[in-house]
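J.: Please find one structure pasted underneath; my questions will follow.
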Amino acid sequence: MKKHALIKRLTIAAAFALVLVSCATTGKSGNPDEQSVTKGIEAWNKRNPEAARGYWADIGDPAVRKKFLGYIDSFKAGDAALTGVTDGEKHPESALLAACDKALAAFSSLDERLVLPDGVRNDGAQLSEGRMRVLLAGGNTARARDLGRKSVAVYGQTEGFTLLLKEADIVSASRSRAAKAETLAQEGRSSGDFSSRLAAFDASLEAYRKAESALAAEASSAGIASGGGVTHEQKLLRREIQNVSVERDGAIRAQAYQYKDRIGEEFARVPEKGAEGSMSLEEMLAHQESVKSNIETVHKEMLSFAGTYPESIGKDILDEIDGQKRDLDLKIAQINNEIRTAKEIASRGKVVMPIMIGLFNPAPSTGDQGKKSRPAVFSASKAKKDEYWWGMVSIPRGEMNDLVITMKDPRTVRVFGENTRSGKLIEKNKMTDMVNRTYKVGNSWPVLNAGGQLPSNKYFFEVQEGKTNEYEGEVVVYSSFIMRMR
228 MKKHALIKRL TIAAAFALVL VSCATTGKSG NPDEQSVTKG IEAWNKRNPE AARGYWADIG
288 DPAVRKKFLG YIDSFKAGDA ALTGVTDGEK HPESALLAAC DKALAAFSSL DERLVLPDGV
348 RNDGAQLSEG RMRVLLAGGN TARARDLGRK SVAVYGQTEG FTLLLKEADI VSASRSRAAK
408 AETLAQEGRS SGDFSSRLAA FDASLEAYRK AESALAAEAS SAGIASGGGV THEQKLLRRE
468 IQNVSVERDG AIRAQAYQYK DRIGEEFARV PEKGAEGSMS LEEMLAHQES VKSNIETVHK
528 EMLSFAGTYP ESIGKDILDE IDGQKRDLDL KIAQINNEIR TAKEIASRGK VVMPIMIGLF
588 NPAPSTGDQG KKSRPAVFSA SKAKKDEYWW GMVSIPRGEM NDLVITMKDP RTVRVFGENT
648 RSGKLIEKNK MTDMVNRTYK VGNSWPVLNA GGQLPSNKYF FEVQEGKTNE YEGEVVVYSS
708 FIMRMR
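In the working numbering, each residue carries its 1-based index in the sequence shown increased by 227.
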């Protein structure tokens with residue numbers, strides 16, 4: 228009996244010790260609030276979120292009770308957001324995306340031990356996947372990736388999320404490659420040197436095409452070649468390649484037109500300042516021949532340049548520049564014929580340089596290349612009496628262009644349509660001054676509608692004696708002198 232009594236007392240003591248050890252190792256597990264929390268979580272996960280309410284309502288700590296009951300409200304808010312757009316009706320994309328964001332925000336606030344019901348998780352995942360596809364197809368890669376990462380954290384990883392996030396990564400990598408290509412294109416746009424500009428554009432196009440190939444290879448390897456984000460990126464790359472190609476061609480065409488401008492500048496080239504009034508017949512002929520030779524040289528350079536870039540310089544540009552050269556060659560021949568008429572020329576007085584002007588050779592400074600010609604210039608340093616000058620003008624039939632002579636000082640100018648024989652015939656033949664003095668502005672002496680008033684393509688003018696022995700001026704053809712002066 229004593230032995231059995233001892234065993235009984237030892238058993239009771241061991242049991243009591245076991246209870247003490249259990250309490251010591253579990254800490255607050257025996258706390259009523261903690262028990263309510265745990266039972267509520269079990270009810271949520273095994274049955275449904277609302278089943279946890281009865282347990283969490285018994286939590287004594289107000290702050291803890293409010294927090295856990297708030298999880299039920301958050302779940303309901305997220306569930307309502309999903310239910311509102313998964314009802315089988317058609318909803319605008321903005322409403323779908325807003326519901327997706329609202330559901331994610333609500334579910335993300337839940338305690339990590341709480342598990343969403345399968346139906347809610349599936350609906351949420353499908354909604355997020357759909358929004359990711361739309362965002363990727365619209366080029367909103369960063370937004371799609373952010374949405375995907377949040378969705379995986381809330382709904383769990385799915386095959387759809389895996390592929391869509393992979394697509395976002397591939398498109399982002401492609402955008403990074405495209406950004407480097409665009410940097411090269413920017414270098415081309417900012418370069419002032421043609422060779423450097425073209426090299427940058429070529430490097431940019433090569434980088435874009437490599438990005439295009441890399442995108443196709445990566446998308447194919449990942450099994451998403453037909454993904455909306457990949458398709459959008461492919462279109463974007465093609466558009467960027469096209470844009471840079473157009474800019475490259477434009478740079479080449481602009482360079483080709485520089486040859487055209489050089490030809491025009493050469494045609495308008497004048498001798499050294501002051502020489503235009505003292506050149507002999509032989510010197511004038513030599514000058515014109517040098518102009519013709521230089522134009523021929525520039526034209527050959529242009530043809531060589533065009534042969535280097537046949538894909539960018541079309542027949543239209545070649546025809547335009549060839550036409551310009553033929554036109555200038557004819558005008559040079561016309562000028563030379565005039566110069567060779569030595570006796571008559573000698574009687575005309577001094578000759579301006581270049582001898583012929585007109586809107587066929589416009590000044591680059593004018594906005595639309597059709598308002599003002601490059602000027603003919605004249606000057607004298609020992610003028611002790613009235614002096615006489617002449618030049619030639621090209622005005623197409625029917626064009627009401629104006630011829631304007633502008634002096635640097637306020638001395639008087641008269642313009643005539645025929646050779647005055649250095650002034651000898653003005654009074655004798657009662658020649659009419661063609662200057663429209665009503666429209667005179669400052670030191671500018673205009674002949675309005677010069678093409679209609681001049682009997683030929685030559686003009687003659689008198690520069691009257693001034694307060695000094697030195698003067699200079701220029702002759703210009705305007706499409707409309709009156710409109711320009713307003």
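A virtual CB, placed ideally from N, CA and C, is assigned to each residue, including glycine.
Just so we're clear, the structure is a prediction, and the values are computed from it rather than from any experiment.
#1: In this structure, does DSSP put Val-291 in helix, strand or coil?
#2: Quick check on the DSSP output: the beta strand (DSSP E) that includes Ser-336 runs from which residue to which?
#3: Pull up the distance between the alpha-carbon of Lys-655 and that of Ser-621, whole angstroms please.
#4: Between the region 570-580 and the region 529-547, do three or more beta carbon pairs fall short of 8 angstroms?
#5: In terms of DSSP beta bridges, what is Ser-600 paired with?
#6: Counting Cβ pairs, one atom from each stretch, are 3 or more of them under 8 angstroms apart for the region 284-301 and the region 331-351?
#7: When we look at the beta-carbon of Asn-588 and count the other beta-carbons within 10 Å, is it buried (16 or more) or exposed?
#8: For Ala-573, list the residues DSSP reports as bridge partners.
#9: Is DSSP giving Pro-623 helix, strand or coil here?
#10: Using the DSSP secondary-structure output, state which residues sit across from Leu-630 in a beta bridge.
#11: Please report the straight-line C-alpha distance between Gly-618 and Phe-421, rounded to a whole angstrom.
#12: Can you tell which of Ile-540, Thr-535, Lys-519 and Ile-584 has its C-alpha closest to the C-alpha of Arg-553?
#13: Using three-state DSSP, classify Ile-286 as helix, strand or coil.
#14: Buried or exposed: Asp-345, going by 16 or more other Cβ atoms within 10 Å of its Cβ?
#15: In chain order, what are the residue ranges of uninterrupted beta strand (DSSP E) at least 3 long that sit wholly in the region 359-385?
#16: Is the distance from the Cβ of Tyr-705 to the Cβ of Arg-638 below 8 angstroms?
#17: For Gly-491, which residues of its own chain have a beta-carbon under 6 angstroms away from its beta-carbon, when the five flanking residues on both sides are left out?
#18: Ile-709: buried (16+ other C-beta within 10 angstroms of its C-beta) or exposed?
#19: Under the three-state reduction of DSSP, which class applies to Lys-437: helix, strand or coil?
#20: Are the region 422-430 and the region 478-490 touching, with three or more C-beta to C-beta distances below 8 angstroms?
#21: Using the three-state DSSP reduction, which class does Glu-614 fall into: helix, strand or coil?
#22: Just to check my reading of the structure: Pro-581 and Ala-603 have Cβ atoms closer than 8 angstroms, yes? What is that Cβ distance to the nearest angstrom?
#23: Whole angstroms is fine: what's the gap from Asp-476's alpha carbon to Gln-469's?
#24: Among Asn-349, Ser-431 and Ala-371, whose alpha-carbon lies nearest the alpha-carbon of Ser-472?
#25: Buried or exposed for Met-583, please, with buried defined as at least 16 other CB atoms from any protein chain shown within 10 angstroms of its CB.
#26: Quick test of the definition: if touching needs 3 or more C-beta pairs under 8 angstroms, does the region 455-462 touch the region 363-379?
#27: Rounded to a whole number of angstroms, what is the C-alpha to C-alpha distance between Lys-678 and Asn-563?
#28: Report the option in Leu-341, Val-703 and Ser-418 whose CA atom is closest to the CA atom of Trp-271.
#29: Cutting at 6 angstroms between CB atoms, please list the residues of its own chain near Gly-450, excluding the five before and the five after it.
#30: Spell out the partners DSSP gives Gly-641 in its beta bridges.
#31: May I ask whether a heavy atom of the ligand COA can be found less than 7 angstroms away from the beta carbon of Ala-434?
#32: Comparing alpha-carbon positions, which option in Ala-326, Glu-614, Ala-406 and Asp-429 lies nearest Gly-415?
#33: Inspect the beta-carbon positions of Tyr-486 and Glu-528 and report whether they are closer than 8 angstroms.
#34: Consult DSSP for Ala-495 and reduce its assignment to one of helix, strand or coil.
#35: Determine whether the beta carbon atoms of Ser-321 and Asp-285 lie at a separation below 8 angstroms.
#36: To the nearest angstrom, how far is the alpha carbon of Val-578 from that of Ile-632?
T.: For this structure:
#1: DSSP, read as helix, strand or coil, puts Val-291 in helix.
#2: First-last for Ser-336: undefined, no H or E at that position.
#3: Answer to the nearest angstrom: the Cα atoms are 29 angstroms apart.
#4: Not touching, per the Cβ criterion.
#5: DSSP lists Pro-589 as partners of Ser-600.
#6: Contact between the region 284-301 and the region 331-351 is established, with three or more Cβ pairs separated by less than 8 angstroms.
#7: When all chains shown are included, Asn-588 counts as buried.
#8: In the DSSP output, where bridge partners are listed per residue, Ala-573 has none listed.
#9: Assigned with DSSP and collapsed to three states, Pro-623 falls in coil, not helix or strand.
#10: The partner list for Leu-630 (beta bridge, DSSP) reads Val-674 and Val-704.
#11: Spanning the alpha carbons of Gly-618 and Phe-421 requires a straight line of approximately 38 angstroms.
#12: Closest by C-alpha distance to Arg-553, out of Ile-540, Thr-535, Lys-519 and Ile-584, is Lys-519.
#13: If DSSP states are grouped into helix, strand and coil, Ile-286 belongs with coil.
#14: Here Asp-345 is exposed: its Cβ has fewer than 16 other Cβ atoms, across all protein chains shown, within 10 Å.
#15: Here no run is fully enclosed.
#16: It is not a contact, given that the beta carbons lie outside the stated cut-off.
#17: Answer for Gly-491: Asn-588, listed in chain order.
#18: By the neighbour-count criterion, in which 16 or more other beta carbons inside 10 Å mark a residue as buried, Ile-709 falls on the exposed side.
#19: Note: Lys-437 maps to helix in three-state DSSP.
#20: Three or more beta-carbon pairs separated by less than 8 angstroms link the region 422-430 to the region 478-490, which places the two stretches in contact.
#21: In this structure, Glu-614 counts as strand in the three-state DSSP scheme.
#22: Confirmed, Cβ separation roughly 6 angstroms.
#23: For Asp-476 and Gln-469, the distance between alpha carbons rounds to 10 angstroms.
#24: With distances taken between Cα atoms, Ser-472 lies closest to Ser-431.
#25: Burial state of Met-583 is buried, judged by a 10 Å Cβ sphere holding 16 or more other Cβ atoms.
#26: Touching, yes.
#27: It is worth fixing the name first, because residue 678 is Gly in this sequence and not Lys. Put simply, the backbone Cα of Gly-678 is about 22 angstroms away from that of Asn-563.
#28: Per the Cα distances, Leu-341.
#29: Hits under 6 angstroms: none found.
#30: As written in the sequence, residue 641 is Arg, which differs from the Gly given in the question. Answer is Glu-689, bridged to Arg-641.
#31: Ligands are entirely absent from the displayed structure, and the ligand COA is therefore not among its contents.
#32: Checked all of Ala-326, Glu-614, Ala-406 and Asp-429; the closest Cα to Gly-415 is Asp-429.
#33: Going by C-beta atoms, Tyr-486 is nearer than 8 angstroms to Glu-528.
#34: Ala-495 carries a coil assignment under DSSP once its states are collapsed to helix, strand and coil.
#35: Their beta carbons are not under 8 angstroms apart, which means Ser-321 does not touch Asp-285 by this criterion.
#36: So the two alpha carbons sit approximately 14 angstroms from each other.
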